[in-house]
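Have a look at the structure below before the remarks.
There are 2 protein chains.
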Amino acid sequence: MTQGRPMRADARRNYERLLEVAAEAFAEHGEKASLDDIAKRAGVGSGTLYRHFPNRQALLEAAYLDRIEALGARADELAKELPPGEALGEWLYELAVGTLEVRGMKALLGSAVTESSAAALTVCGNVVKGAVARLVEAAQTAGALRADVEPIEVLRLAHGVASAAELAGTGEREIRRYLGLLHEGLRSG
Amino acid sequence: MTQGRPMRADARRNYERLLEVAAEAFAEHGEKASLDDIAKRAGVGSGTLYRHFPNRQALLEAAYLDRIEALGARADELAKELPPGEALGEWLYELAVGTLEVRGMKALLGSAVTESSAAALTVCGNVVKGAVARLVEAAQTAGALRADVEPIEVLRLAHGVASAAELAGTGEREIRRYLGLLHEGLRSG
DNA sequence: GCGTTAAGCGGGGACTGTCTCCGTTTAGTG
DNA sequence: CACTAAACGGAGACAGTCCCCGCTTAACGC
Chain A
1 MTQGRPMRAD
11 ARRNYERLLE
21 VAAEAFAEHG
31 EKASLDDIAK
41 RAGVGSGTLY
51 RHFPNRQALL
61 EAAYLDRIEA
71 LGARADELAK
81 ELPPGEALGE
91 WLYELAVGTL
101 EVRGMKALLG
111 SAVTESSAAA
121 LTVCGNVVKG
131 AVARLVEAAQ
141 TAGALRADVE
151 PIEVLRLAHG
161 VASAAELAGT
171 GEREIRRYLG
181 LLHEGLRSG
Chain B
1 MTQGRPMRAD
11 ARRNYERLLE
21 VAAEAFAEHG
31 EKASLDDIAK
41 RAGVGSGTLY
51 RHFPNRQALL
61 EAAYLDRIEA
71 LGARADELAK
81 ELPPGEALGE
91 WLYELAVGTL
101 EVRGMKALLG
111 SAVTESSAAA
121 LTVCGNVVKG
131 AVARLVEAAQ
141 TAGALRADVE
151 PIEVLRLAHG
161 VASAAELAGT
171 GEREIRRYLG
181 LLHEGLRSG
């Protein structure tokens, strides 16, 4: 892509070490883990961290990119296994569970879903938006979902519901319940 | 209540000046406006601010207490004017709009709705929870709302939806729409 | 192997924000 | 007017973000 020269070996090592540590740290302390601390734990100076990842958002995204991509792939898998309406429901459920399980992914998803122009460019945003778009459209043509909602709206609502469940401090039970209620409202009527 | 002696005149002046300035600052910069800056703008030292309000949450709550109480009163007003189902819907709408209009109230409401024991004690939490409980129960006995949801769940979901609308960067239009969808799912079925 | 050089490193430091501590000031009272 | 407890305020400890720039080292041609 934008690879003029390949990375120097030490640079690549540091880059990867940082990602590893960052994923741990975000999981442990939530989205606002200390960046300098991550640098320290990875055995590099903070300068190195900030060169590779100009800001928190960039690091967050890079750290969870694989997870996001798995989610994108999962969408297509579900689309094959289940009827359209259920596929969407199940995918949203897995998305929401992931959001809560991996503290810090919520912030990431949140920013992916914003109107803001800056966030529209992120890889993660595109993957998730693409996945939900496919599922929503399939469900709509199958008549399992009202036709007047946009995919991004579904995503936003699911994210809102996940936040609601998080406030409840509960687990997956609550999410399923809340998503169910939402789904009820989204059926074609 | 817990008033042993009335406040000294200068103390009361500072207290009120702080509230004024805080409301402005939170409205302008969101929930994370600088507290030291608020103190400065109010013409007091930061020590004074922290003595009156031991943490951000306390200041936030005090700054918007009147608004919260108005919301509580509004619930009863609506209960008289409208049939139970609509009263609830309209109140949630006004709540959500307030949440977005007054940047910083979202954080306040969010914490009011958490499982956490610490937050359960806040005045604001109690007012809002009380209001929604009355409206929800009325709607349920009128058969306009499914019986298996808790008031606090309705509140959480509404808050989630408001967050979703906020991400969209939109105004009241979107909120009404999203709340409508939610409401659909909450009808008795 | 060995020298050259630019890519990469890293930590010191500027800056911003939170919150506490304690010496100083002042409102309220007799 | 003097006294005292209440209240003030700002210096400073601490924590976080991010930049800057002199030093180090991997990579490549010889």
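Residue numbers (UniProt numbering), protein chains in the order written: chain A, 1 to 189; chain B, 1 to 189.
Ideal Cβ placement from N, Cα and C applies to all residues, glycine included.
On a predicted model such as this, the values are computed, not experimentally measured, just so you know.
Look at V136 of chain B: its C-beta is not under 9 angstroms from any C-beta on chain A.
Judged by pairs of C-beta atoms under 8 angstroms, the segment 74–94 of chain A does not touch the segment 44–57 of chain A, as fewer than three such pairs exist.
Cβ contact annotation for E172 of chain B (same chain, cutoff 7 angstroms, sequence separation greater than five): V97, in chain order. Considering only A:E28, A:A27 and A:F53, the residue with the shortest C-alpha distance to A39 of chain A is A:F53. Setting aside the 5 residues that flank it on each side, M7 of chain A is surrounded in the same chain by Y15, each with a C-beta closer than 8 angstroms to its C-beta; the list follows chain order. Neighbours of S163 of chain A in chain B, taken as residues whose beta carbon is under 8 angstroms from its own, are H159, G160 and S163 in chain order. Around the beta carbon of V123 of chain A, a 10 Å sphere encloses fewer than 16 other beta carbons of the protein chains shown; the residue is thus reported as exposed. Residue nearest to D66 of chain B within the set B:S163, B:A144 and B:E20 is B:E20 (criterion: CA-CA distance). Annotation: Cβ neighbours of G185 of chain B in chain A (cutoff 9 angstroms, chain order): G180, L181, L182, H183, E184, G185, L186 and R187. Chain-ordered, the chain A residues with CB closer than 8 angstroms to the CB of E115 of chain B read L167, A168, G169 and T170. With contacts defined as CB atoms closer than 9 angstroms, A79 of chain A and R134 of chain A qualify as a contacting pair.
Nearest to A22 of chain A by C-alpha distance, out of A:G110, A:A168, A:A42 and A:R176, is A:A42. Beyond the five residues adjoining it in sequence on each side, V127 of chain B comes within less than 7 angstroms, by CB distance, of I68, E69 and G72 in the same chain, given in chain order. Contact of R156 of chain B with chain A by beta-carbon distance below 7 angstroms involves A164, L167 and A168. Of all alpha-carbon atoms in A:I175, A:E77, A:R17 and A:A112, the one lying nearest the alpha-carbon of E61 of chain A is that of A:A112.
Here DSSP, grouped into helix, strand and coil, assigns E31 of chain B to coil. Residue environment analysis places K32 of chain B among the exposed positions, since fewer than 16 neighbouring C-beta atoms fall within 10 angstroms of its C-beta. Burial check for P84 of chain A: the Cβ neighbour count within 10 Å reaches 16 or more, so the residue is buried. With its beta carbon less than 9 angstroms from one in chain A, G110 of chain B belongs to the interface. Taking C-beta atoms as the reference points, E166 of chain B and L92 of chain B fail to come closer than 9 angstroms. It is roughly 36 angstroms from the alpha-carbon of E77 of chain A to the alpha-carbon of R5 of chain A. Put simply, the CB of V128 of chain B is far from chain A, with every gap to its CB atoms at 9 angstroms or more. DSSP places E77 of chain A in the uninterrupted alpha helix (DSSP H) bounded by R56 to E81.
Membership of G85 of chain A in the alpha helix (DSSP H) is indicated by the continuous run P84 to E101. At a cut-off of 9 angstroms between C-beta atoms, E20 of chain A does not count as an interface residue with respect to chain B.
Shown here, F53 of chain B sits in coil according to DSSP, grouped into three states, outside any helix or strand.
In the DSSP annotation of this structure, the continuous segment of the alpha helix (DSSP H) that includes M105 of chain A starts and ends at M105 to A112. Note that the C-beta distance between V161 of chain A and L157 of chain B is below 9 angstroms. If the five residues before and after A144 of chain B are omitted, its C-beta is found closer than 6 angstroms to the C-beta atoms of P84 and G85, all from its own chain and listed in chain order.
About 6 angstroms separates the Cβ atoms of E115 of chain A and A168 of chain B, confirming a contact at the 8 angstroms cut-off.
Taken through DSSP and simplified to helix, strand or coil, A138 of chain A comes out as helix. Our two residues, L186 of chain B and I175 of chain B, have alpha carbons roughly 16 angstroms apart in a direct line. Contact of E94 of chain B with chain A is not assigned, every C-beta pair being separated by 9 angstroms or more.
Between M105 of chain A and the set A:A27, A:L18 and A:E184, the nearest pair of CA atoms involves A:A27.
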